[in-house]
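**Q** The structure under discussion is supplied below as structure tokens; questions concerning it will follow.
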């Protein structure tokens, strides 16, 4: 088990074990208090409860309603203690320590009290312990044992709750109120940990009971199924259905979630090689024991029958798949790649690395491209999400990554969220943000849509700048204009930390009256006064922190907007300490890592440009081959080159470009033009339907490696079950390299990390041994920062001085006009993840089984559209049909949808328009028309036909494999 | 509908130019540097070919930058294979 030490938790070094429950949360006071508990002297921070102080001295006071992730509640009375000189027997959870206090935790009087308490609990509790799903993991049972309960004198015939009905509505957990002891832990977890406030205690006294929403079924309430209540429940009242079905796990392994960029640590709790449940790990530095519905529950896809288990090949995409062995598939792929290069040239092939795979796997794919393909045609899905972050932050701050830890938000006074939807896309971090908001931080949201964060319970006064899509840069310039023109800038920071000439030039630029909120109002649609107020709020806060997402990057000016954000943060001195910073919220689990690992066509690992001879020299020495000094093609350039006939083969690992990339029809045309498409994935995804070679991938549960989350935190991924198809993804890339004649030999991903560390200055201190010792590491980690770097740019920037960038607003080509009068913007939903390949194969479907078009009532009325009607959405790129949902979350003129289901064709309508600096597609702005229709679009009908055909071709291969060999058949 | 590869490159060059126009005298060099650092060899070749053949759809600033690119390539050619 890992020992976890967090210096932030206590001023005095105190080892704290994540597996233990210390009863009440840590206190951070620097004042220390000494007391005696059962004769043991102990010193703890002021404000610590007696219960926690005792636990730190390994004195375990019985407890039921207390848990160290919740504030003390004092309802169960089991943790009563006797304190010298004080009357009665106070609850140790609600009693803070005092200097010189002498506490007794065990004596006859306390034992009697505790037994009486337990007796009352048990008098209204079913005695089916042997057949209860919590058997072996029940705190009530443990406490009955601890206090020595031997009889229940009241009998069991009195009024009780034993017949209370179970609520099975949630697909992942059940709520059996007959076993509830009304300790309120679930209610408090929903409030304090998750911040949703979906649960309450209804009624009083004997009538009190836990209720979801307005006494609704869990599924009908505002419950988001994060699992915090299930985790908190000391009995089997709230219980995972998987445990009810399978029983208690027998061992567990700490690993990292493969969903979003928060990178939560989980304990995979196992029976043999089967996952029984995923439990958020309290020692996880990103999530501190919290989870969301995806990471906590939606892991069933890993063993879904659709998983690909055998390599397959075919000559053309209209042929049935042929199941073959690994060797044959790899040889087939390698021969094809070699033949294509021989015929069309070295630059005619390329590869796409995956932001869902590990750092080690990503590193190997780009190495394969550079060293075995001998070109730089490597790219990754960050191209379509956060490439502008890489460009923009590197240009201004000198490093392509966010500046803070997640925990830093707890020091922020003003939180600015731009183009991000944390409650849906980064839910565990959103819970932390909401905790800070409840403590009184101010919130400014810059987004066309009214996101859920704006209705954070117990937080008021959020400012919402509901700007027109595509006008971010005008908005950020207006905010900066207010800061500078009103003299709100941090002159000391600017003078000390930023390039003077660059600042002067920017200052003159930004002071131009055309950037004044009053003059920008016509562009953004946001009243000037709101912009002024928001800018002042941010600039005047002691600590202002900016968080942003794809609503910033996925625009024709994505890179400009990232630089605009960095400008604003530098101008106000909000860089280089806790509570501030520029924080990109990364989409997929390893987007940060895939960028770090050299997936981009112009950069080797660690963002080192291929044009730099000194850099190339080091890699050439290590890899033993010359490296091309020119950048390669980016994903959209590859598509264009494929359609033009110059680009012929592509190796895609764990990425579904056919569904996720814009202008689907163009992408499909490009994929059809390829002579060899090699897809390595866990499912037959949309891209695989165009493939010639299918290499079965392994899920995160089946491999060792590391993921790097949005706070640059490198976390270990640990294998808990064997790969279904026999190989981890990194092993497959090695095989392909060897078959191509470029030798690769690694026995374990740890060796790959050692190679990365030897070539990447910001990773020199990273190794599996260090990761196991420290739990996780935030890069840069090197001689200067041996334990990693939680906060970046504290002393200076990697480029020395911060560079202000001039970010002129250039309107997108995607303008609405008479033909396309509405602007479509796209986003995500909590229960589904990205293209949905994983979550659609779980019960998360219960929350969102189709993508819908959100449409403002005014726009709907104009078109005679009612809620639930089929509507056709047409853009310059194509048409698709979705069901309409009338919603006033967007301003009139803006429509919204998600892209989690392939048949929705959301990307049939998104266009080729892209960020000027990085080609990141402009998903967030597409000019469209919406009208009532009665049937699916032509693309959708074609999609259905093609989908049916490809599934048949896959099934054909499986049936063929299931048949006995021809010789046996002949005898039948 | 999708643009042709060349149309896309012309559009991209013009877009890069538009977003760097404010840099005045440095603008052409900035656009040029951007093309040099981020465009693949084949993309550079296509845009330079277009400059020599026609070039009319390039904005003045994009055109200057592509000219710088063409010059750089011409100078580099004798020494590199």
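Chains as they are written, first to last, in the UniProt record's numbering: chain L, 1 to 972; chain B, 1 to 81. Yeah, the Cβ is synthetic: ideal placement off N, Cα and C, and Gly gets one too.
#1: Please list, in chain order, the chain L residues whose beta carbon lies closer than 8 Å to that of residue 21 of chain B.
#2: Quick check for students: name the residue ranges of the alpha helix (DSSP H) that lie wholly in the region 739 to 786 of chain L, counting only runs of 4 or more.
#3: Quick one: is residue 936 of chain L buried, meaning 16 or more other Cβ sit within 10 Å of its Cβ, or exposed?
#4: Is the CB of residue 40 of chain B under 7 Å away from at least one CB in chain L?
#5: Given a threshold of 16 other Cβ atoms within 10 Å of its Cβ, counted over all protein chains shown, does residue 817 of chain L qualify as buried or as exposed?
#6: Residues of chain B with CB closer than 8 Å to the CB of residue 347 of chain L, please, in chain order.
#7: In terms of alpha-carbon separation, which member of L:137, L:361, L:794 and L:79 lies closest to residue 65 of chain L?
#8: Just the Cα atoms here: how many angstroms apart are residue 842 of chain L and residue 487 of chain L?
#9: Please determine if the region 207 to 216 of chain L and the region 242 to 250 of chain L are in contact, where contact requires at least 3 C-beta pairs separated by less than 8 Å.
#10: Do the CB positions of residue 687 of chain L and residue 679 of chain L come within less than 7 Å of each other?
#11: Whole angstroms are fine: how far does the CA of residue 527 of chain L sit from the CA of residue 533 of chain L?
#12: Given residue 812 of chain L, which residues of its chain have a CB within under 8 Å of its CB, disregarding the five upstream and five downstream residues?
#13: Can you find a CB in chain B that lies within less than 7 Å of the CB of residue 6 of chain L?
#14: Compare the C-beta of residue 605 of chain L with all C-beta atoms of chain B and state if any pair is closer than 7 Å.
#15: Can a CB atom of chain B be found closer than 7 Å to the CB of residue 916 of chain L?
#16: Closer than 9 Å, Cβ to Cβ, to anything on chain B: give me those residues from the region 620 to 632 of chain L, in chain order.
#17: Assuming contact is defined by CB atoms lying nearer than 7 Å, are residue 250 of chain L and residue 277 of chain L in contact in what I supplied?
#18: Going by the DSSP bridge assignment, what does residue 563 of chain L pair with across the sheet?
#19: Are residue 928 of chain L and residue 774 of chain L close, meaning C-beta to C-beta below 7 Å?
#20: Could you list which residues in chain L have their beta carbon closer than 8 Å to that of residue 33 of chain B, in chain order?
#21: Note down, in chain order, each residue of its chain lying with its Cβ closer than 6 Å to the Cβ of residue 13 of chain L, except the 5 sequence neighbours on either side.
#22: Following the continuous beta strand (DSSP E) through residue 827 of chain L, name the residue where it begins and the one where it ends.
#23: In the structure shown, what three-state DSSP assignment does residue 916 of chain L receive?
#24: Let me see if you follow: with CB-CB separation under 7 Å, is residue 18 of chain L close to chain B or not?
#25: Nearest chain B C-beta to residue 602 of chain L closer than 7 Å, yes or no?
#26: In three-state DSSP terms, what is residue 455 of chain L?
#27: Going straight from the alpha carbon of residue 891 of chain L to that of residue 757 of chain L, what length do you get?
#28: Taking only beta-carbon positions, decide if residue 447 of chain L is within less than 7 Å of chain B.
#29: Flag this pair as yes or no: are the beta carbons of residue 565 of chain L and residue 591 of chain L separated by less than 7 Å?
#30: Can a CB atom of chain B be found closer than 7 Å to the CB of residue 474 of chain L?
#31: Around the Cβ of residue 951 of chain L, are there at least 16 other Cβ atoms within 10 angstroms (buried) or fewer (exposed)?
#32: Could you check the C-alpha separation between residue 27 of chain B and residue 258 of chain L for me, to the nearest Å?
#33: Under 7 Å between C-beta atoms, does residue 5 of chain B make it to chain L?
#34: Against chain D, does residue 18 of chain B count as a neighbour if the rule is that its beta carbon must be under 7 Å from one of theirs?
#35: Which value, in whole angstroms, describes the spacing of the CA atoms of residue 846 of chain L and residue 217 of chain L?
#36: Counting contacts by CB-CB distance shorter than 7 Å, is residue 644 of chain L in contact with chain B?
**A** On the basis of the coordinates in this document:
#1: For the purposes of this step, residue 21 of chain B is taken as the residue at position 21 of the second chain. Per Cβ cutoff of 8 Å: 808.
#2: Complete alpha helix (DSSP H) runs here, min 4: 749 to 759 and 768 to 774.
#3: Counted from its first residue, the first chain places residue 936 of chain L at position 936. Label assigned to residue 936 of chain L: buried.
#4: As a position in the second chain, residue 40 of chain B is number 40, starting the count at 1. Cβ-Cβ to chain L under 7 Å: yes for residue 40 of chain B.
#5: Position 817 of the first chain, counted from the first residue, corresponds to residue 817 of chain L. With fewer than 16 neighbouring CB atoms inside 10 Å of its own CB, residue 817 of chain L falls in the exposed class.
#6: For the purposes of this step, residue 347 of chain L is taken as residue 347 along the first chain, with counting starting at 1. From the beta-carbon of residue 347 of chain L, the residues of chain B found nearer than 8 Å are 40, 41 and 42.
#7: As a position in the first chain, residue 65 of chain L is number 65, starting the count at 1. For residue 65 of chain L, the nearest C-alpha among the options comes from L:79.
#8: Taking the first chain and counting its residues from 1, one reaches residue 842 of chain L at position 842. Taking the first chain and counting its residues from 1, one reaches residue 487 of chain L at position 487. Their Cα atoms are separated by approximately 54 Å.
#9: By the C-beta criterion, the region 207 to 216 of chain L is judged not to be in contact with the region 242 to 250 of chain L, since fewer than 3 inter-stretch pairs fall below 8 Å.
#10: Locating residue 687 of chain L in the first chain gives position 687, where the first residue counts as 1. Locating residue 679 of chain L in the first chain gives position 679, where the first residue counts as 1. Result yes, Cβ atoms of residue 687 of chain L and residue 679 of chain L sit closer than 7 Å.
#11: Position 533 of the first chain holds residue 533 of chain L. Position 527 of the first chain holds residue 527 of chain L. Between residue 533 of chain L and residue 527 of chain L, the C-alpha separation is close to 10 Å.
#12: For the purposes of this step, residue 812 of chain L is identified with residue 812 of the first chain, where counting begins at 1. Same-chain partners within the cutoff: 470, 555, 556, 557, 913, 922 and 925.
#13: Residue 6 of chain L sits at position 6 when you count from the first residue of the first chain. Note that residue 6 of chain L scores a pLDDT of 45, beneath 50, so its modelled location is shaky; the value from the coordinates is reported in the next line. Output row for residue 6 of chain L: interface = no.
#14: As a first step, residue 605 of chain L is located in the first chain; it is residue number 605 there, counting from the start. By this cut-off, residue 605 of chain L is not an interface position.
#15: Residue mapping note: residue 916 of chain L aligns to position 916 of the first chain, counting from 1. For residue 916 of chain L, the answer is yes, since a Cβ of chain B falls inside 7 Å of its Cβ.
#16: Those residues of the region 620 to 632 of chain L placed with their C-beta closer than 9 Å to a C-beta in chain B are 628, 629, 630, 631 and 632, ordered along the chain.
#17: The count along the first chain starts at 1 and reaches residue 250 of chain L at position 250. The count along the first chain starts at 1 and reaches residue 277 of chain L at position 277. Not in contact: residue 250 of chain L and residue 277 of chain L (Cβ atoms no closer than 7 Å).
#18: Your numbering for residue 563 of chain L matches position 563 in the first chain. Paired residue(s): none; residue 563 of chain L is not in a bridge.
#19: Walking along the first chain from the start, residue 928 of chain L turns up at place 928. Walking along the first chain from the start, residue 774 of chain L turns up at place 774. No. Outside cutoff.
#20: The residue labelled residue 33 of chain B in the question sits at position 33 within the second chain. One finds nothing in chain L with a Cβ atom closer than 8 Å to the Cβ of residue 33 of chain B; even the nearest lies about 11 Å away.
#21: Taking the first chain and counting its residues from 1, one reaches residue 13 of chain L at position 13. Because residue 13 of chain L sits at a pLDDT of 38, beneath the cut-off of 50, its placement in the model cannot be relied upon, and the following sentence gives the value as read from the coordinates. Excluding sequence positions up to five before and after residue 13 of chain L, its CB lies less than 6 Å from no other CB in the same chain.
#22: Along the first chain, one-based indexing puts residue 827 of chain L at 827. Per DSSP, the continuous beta strand (DSSP E) segment holding residue 827 of chain L begins and ends at 822 to 827.
#23: Here residue 916 of chain L corresponds to residue number 916 of the first chain, with the count starting at 1. Shown here, residue 916 of chain L sits in coil according to DSSP, grouped into three states, outside any helix or strand.
#24: In the first chain, the residue the question calls residue 18 of chain L occupies position 18. Nearest CB-CB separation between residue 18 of chain L and chain B: not below the 7 Å threshold.
#25: Taking the first residue of the first chain as 1, we reach residue 602 of chain L at position 602. It does; some Cβ of chain B falls within 7 Å.
#26: Looking up residue 455 of chain L in the first chain gives position 455. Under the three-state reduction of DSSP output, residue 455 of chain L falls in the helix class.
#27: Translated into the one-based positions of the first chain, residue 891 of chain L becomes position 891. Translated into the one-based positions of the first chain, residue 757 of chain L becomes position 757. Going by the C-alpha atoms only, they are around 49 Å apart.
#28: On the first chain, residue 447 of chain L is found 447 positions in, with the first residue counted as 1. With 7 Å as the cut-off, residue 447 of chain L does not count as an interface residue toward chain B.
#29: Numbered from its first residue, the first chain carries residue 565 of chain L at position 565. Numbered from its first residue, the first chain carries residue 591 of chain L at position 591. Result no, Cβ atoms of residue 565 of chain L and residue 591 of chain L do not sit closer than 7 Å.
#30: As a working mapping, residue 474 of chain L is identified with position 474 in the first chain. Cβ-Cβ to chain B under 7 Å: no for residue 474 of chain L.
#31: As a working note, residue 951 of chain L is residue 951 in the first chain. Exposed is the label assigned to residue 951 of chain L, since fewer than 16 other Cβ atoms lie within 10 Å of its Cβ.
#32: Walking along the second chain from the start, residue 27 of chain B turns up at place 27. Walking along the first chain from the start, residue 258 of chain L turns up at place 258. If you take the alpha carbons of residue 27 of chain B and residue 258 of chain L, they lie about 43 Å apart.
#33: The sequence position of residue 5 of chain B within the second chain is 5, counting from 1. It does; some Cβ of chain L falls within 7 Å.
#34: The structure shown has no chain D; the protein chains it does contain are L and B.
#35: For this step, residue 846 of chain L is matched to residue 846 along the first chain. For this step, residue 217 of chain L is matched to residue 217 along the first chain. Rounded to whole angstroms, residue 846 of chain L to residue 217 of chain L spans 14 Å at the Cα level.
#36: Working through the first chain from its first residue, we reach residue 644 of chain L at position 644. Closer than 7 Å to some Cβ of chain B, the Cβ of residue 644 of chain L qualifies, so yes.
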